[in-house]
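See below for the structure under consideration.
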Amino acid sequence: RGAARQPGPARRASRPQSWRVCHYSASQRRRMPGSSATLVPETGVQRDWEEREFAQSIQLGIKSLAQFLNEFENTTRTKLASLNSKIARLERRMTLVEATFDSVNQPPAATS
């Protein structure tokens, strides 16, 4: 008990505390041989890259949402303008039909 044990071939040496288990996504695992968990050193640079990738994905989502909303606004504005012109044309025809109907329904004027 007093003597320190040397790690043998069956026993793993403990890993440094600066290392952590990192789980990769499925697309990253396809590119890497081995298991789903790999030991990688935890560094500030790696954390910074992960944060930047996350921020970039948020920016991409916001950009695509803004693009969709702009396209939706343009197509809606175009469709509403077309509908407005059709309604105006129908209103003019309706006024003409009403005027024609009123002139037909009036009794003939008495001539003296």
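Numbering-wise, the numbering used here puts 34 at position 39 of the sequence shown, and it's gapless, one number per residue. Here a beta-carbon is modelled for each residue, glycine too, at the ideal position from N, C-alpha and C.
If you draw a straight line from the alpha carbon of N100 to that of L91, how long is it in whole angstroms? 14 Å
Go ahead and pull the three-state DSSP assignment for Q54. If DSSP states are grouped into helix, strand and coil, Q54 belongs with the helices.
By the three-class DSSP mapping on this structure, what secondary structure does T71 have? helix
Mapping DSSP to helix, strand and coil, what is T38? coil
Could you check what DSSP says for Q62 in three-state terms: helix, strand or coil? helix
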